[in-house]
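Input: a single structure, listed below in structure tokens.
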Amino acid sequence: MPELPEVEVTARALQQAITGWSLRSVWVSGKKLRHPFPRGAIDQLRGVPLMGIGRRAKYVLMEFPSGYLAVHLGMSGSMLCAHGKAPPAKLHDHVVMEFESPSSEVRTMIYHDPRRFGSFQWCDRQALHGTEIGAVLGAGAAGIEPLGQSFNGAWLFEHSRGRRTPIKQWLMDGSVVVGVGNIYACEALFDAGIHPSRKAGSISRPRYERLAVDIKKILLQAIEGGGSTIQNFQGPDGTAGRYGQLHRVYGRSGQPCPRCGRAIRRSIMGQRSTFFCHGCQR
DNA sequence: CGCTGACCCTGACGGC
DNA sequence: TGCCGTCAGGGTCAGC
130 MPELPEVEVT
140 ARALQQAITG
150 WSLRSVWVSG
160 KKLRHPFPRG
170 AIDQLRGVPL
180 MGIGRRAKYV
190 LMEFPSGYLA
200 VHLGMSGSML
210 CAHGKAPPAK
220 LHDHVVMEFE
230 SPSSEVRTMI
240 YHDPRRFGSF
250 QWCDRQALHG
260 TEIGAVLGAG
270 AAGIEPLGQS
280 FNGAWLFEHS
290 RGRRTPIKQW
300 LMDGSVVVGV
310 GNIYACEALF
320 DAGIHPSRKA
330 GSISRPRYER
340 LAVDIKKILL
350 QAIEGGGSTI
360 QNFQGPDGTA
370 GRYGQLHRVY
380 GRSGQPCPRC
390 GRAIRRSIMG
400 QRSTFFCHGC
410 QR
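Numbering (the working numbering), first residue to last: 130 to 411.
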């Protein structure tokens, strides 16, 4: 279930598979997703080449000449790319897009989402009018990219001054930093030795330097490992991500801390499970 | 601004 | 085997 690394892995694989291919057909299940499917805009794209596939926040962006199709995977979404024409839709398949290469080869993108918290949104290039696409997609996608150049300890330090919110919830706020969800927030805070309930504004610059490095490190590791999988995340080639095996605190309450051996604790912050070591996170 | 709870859904899992 | 409660990694919104 997707956080930034899963979305990045998905976007990269689709980029490899169907960039430059033209949209041939679109099928939708008709089941309600988070937003109404932009049928009208997509119907205009038949025969139009897909220029590229990227990621902003937790959105997969499919770029067409006239704009972007922004796909959110929600809690349980995945985008699979199959060779050949669309196979019969399975339960919880909601969007199926066939693409055709210049040499008439066909590949199919299948959007599968049991919980239907995901969405497809159309962002017209004209309407964007130079506005950064994250801002258009909502406050939750407007924050800084944690893998970007400008994200570093100084940025975290400066933007956290005066904030009394617990660091974990502040990190997970998409209007501050995008893509750091529950798992990676827990893991990065563990690596940096910072207690999740410490107020964001009370953390020193050196500790933020460390945290910024750890966040980047953890996200990059997860991307290399093909994404995390607690339950059912799978990448576009159908393989399961492996990062889940590397979680050091997430989902490990009661087990010994890999650093000091004390039992990992679980608490609820902002209605989300939080895992940490009370001994070595301060 | 910040915090809380409710809500959108289905599936997996543990206890009985 | 089956029923039931609980939980799940995301995000938005209303209300205080």
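Virtual Cβ for every residue (Gly too), placed ideally from N, Cα, C.
Residue range of the beta strand (DSSP E) that includes residue i
| i | result |
| --- | --- |
| L133 | Per DSSP, L133 belongs to no beta strand (DSSP E); it is in the alpha helix (DSSP H), L133 to I147. |
| H389 | According to the sequence provided, residue 389 is Cys. The question's His does not apply to it. Note, C389: premise wrong, no beta strand (DSSP E); not H, not E. |
| Y197 | G196 to H201 |
| A170 | Where A170 is concerned, there is no enclosing beta strand (DSSP E), although the alpha helix (DSSP H) it sits in stretches over R168 to D172. |
| M238 | V235 to H241 |
| R184 | G181 to R185 |
| A402 | In the sequence as displayed, the identity of residue 402 is Ser instead of Ala. Unbroken beta strand (DSSP E) run through S402: R401 to F405. |
Residue i beta carbon near the ligand ZN (any heavy atom closer than 7 Å)
| i | result |
| --- | --- |
| R290 | For the ligand ZN, the structure offers nothing, since it holds no ligand at all. |
Own chain residues within Cβ distance below 7 Å of residue i, not counting five before or after
| i | result |
| --- | --- |
| I352 | P134, E137 and V138 |
| H221 | H241, D242 and P243 |
Continuous alpha helix (DSSP H) stretch holding residue i: start and end
| i | result |
| --- | --- |
| H288 | G282 to S289 |
| E338 | R334 to E353 |
Sequence-distant residues of its chain with Cβ nearer than 8 Å to residue i (five each side left out)
| i | result |
| --- | --- |
| M398 | P295, K297, Q298, P325 and S326 |
| P167 | L198, F249, Q250 and W251 |
| R394 | S382, F404, F405, C406 and H407 |
| R163 | H201, G203, R245, F246, G247 and S248 |
Reduced DSSP category for residue i - H, G, I as helix; E, B as strand; rest coil
| i | result |
| --- | --- |
| E192 | strand |
| D222 | strand |
| L209 | strand |
| S396 | strand |
| W150 | coil |
| G370 | Here G370 scores only 47 on pLDDT, less than 50, and its place in the model is too uncertain to base an answer on. |
| V413 | Here the chain has residues from 130 to 411 only, and residue 413 is not among them. |
| F428 | Residue 428 cannot be examined here, being either before or after the span of the chain that is shown, 130 to 411. |
| P385 | strand |
Residues near residue i by beta carbon distance below 6 Å, same chain, minus five either side
| i | result |
| --- | --- |
| N361 | Since pLDDT at N361 reaches only 41, below the 50 mark, its modelled position is unreliable, and no value is offered. |
| G181 | T148 and E192 |
| A392 | G383 |
| A314 | K297, L300 and M301 |
| A271 | G263, A264 and S304 |
Exercise for the section: Report yes or no: do the segment 308 to 328 and the segment 338 to 351 share at least 3 C-beta pairs separated by less than 8 Å? Expected result: yes
Problem - Validate contact between the segment 272 to 281 and the segment 214 to 230 using beta carbons, cut 8 Å, 3 pairs - result: no
Exercise for the section: List in chain order: all unbroken alpha helix (DSSP H) runs of 4+ residues lying wholly within the segment 249 to 333. Expected result: 254 to 257, 262 to 265, 282 to 289, 296 to 300 and 311 to 321
Exercise for the section: Examine the Cβ distances between the segment 203 to 214 and the segment 238 to 247 and report whether three or more of them are shorter than 8 Å. Expected result: yes
Exercise for the section: Give a yes or no on contact between the segment 160 to 177 and the segment 382 to 392, applying the rule of three or more CB pairs nearer than 8 Å. Expected result: no
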